[in-house]
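Q:
In the numbering used here, the protein residues as written are 1 to 196.
#1: Got a sec, what are the start and stop residues for the alpha helix (DSSP H) residue 24 sits in?
#2: With residue 150 as the anchor, note down where its alpha helix (DSSP H) starts and where it stops.
#3: Quick check on DSSP: helix, strand or coil for residue 14?
#4: Mapping the DSSP letters down to three states, classify residue 164 as helix, strand or coil.
#5: Please look up how many angstroms separate the CB atoms of residue 32 and residue 49, rounded, as I've assumed it's under 8 Å.
#6: Buried or exposed: which applies to residue 106, given that a residue is buried once 16 or more other Cβ atoms fall within 10 Å of its Cβ?
#7: Using the Cβ count rule (16 or more neighbours within 10 Å means buried), how would you classify residue 12?
#8: Given that a residue counts as buried once 16 or more other Cβ atoms are within 10 Å of its Cβ, and exposed if not, what is residue 54?
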């Protein structure tokens with residue numbers, strides 16, 4: 001039975017690798033069991049305990065003469081475990097916030113879709129809204145969005161018909177969709193059916 005007393009600690013402080021090996025053989029499993037009781041993750045617990053022993057060897061010459069090396073190792077392991085648990089907590093909180101956001105988005109989609117009345121979508125009020133939104137666009141942008149969404153022409157076909165570049169067509173469509181999305185934000189099903 002090894003006695004981990006002051007004399008033993010002094011051997012480690014002086015860089016006696018045999019003393020570190022003895023400590024490792026006799027204290028590793030206990031320290032691992034301690035780490036496992038909090039982490040419930042064998043790989044992470046092993047990493048933490050091994051890191052604690054490596055740190056002991058790397059810093060042995062900085063220990064105070066009255067240091068208790070077992071307590072020192074336990075303190076290092078404890079701090080590493082706390083850091084790991086704190087990271088796990090923050091990750092769980094982030095995942096919960098993300099999950100709650102998904103739930104809000106799904107609930108909003110359900111409400112929006114439930115309120116969607118196909119008859120109204122193609123009724124006079126919807127037509128007036130779309131006409132008003134289109135009227136808010138410049139002449140060329142309106143012409144391009146009509147050719148794209150109502151006549152189903154490709155960007156290349158529109159560019160050839162209007163004698164502008166394909167990039168110009170893409171720009172006008174992007175600007176038109178931004179404006180229309182804002183204009184019809186309370187009527188998203190209409191926007192998606194007509195311009196999506």
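Think of the CB as a built atom: it goes at the ideal place given N, C-alpha and C, for glycine as much as any other residue.
A: Quick answer:
#1: 17-39
#2: Careful: residue 150 lies outside any alpha helix (DSSP H) and carries neither H nor E.
#3: coil
#4: coil
#5: 5 Å
#6: exposed
#7: buried
#8: exposed
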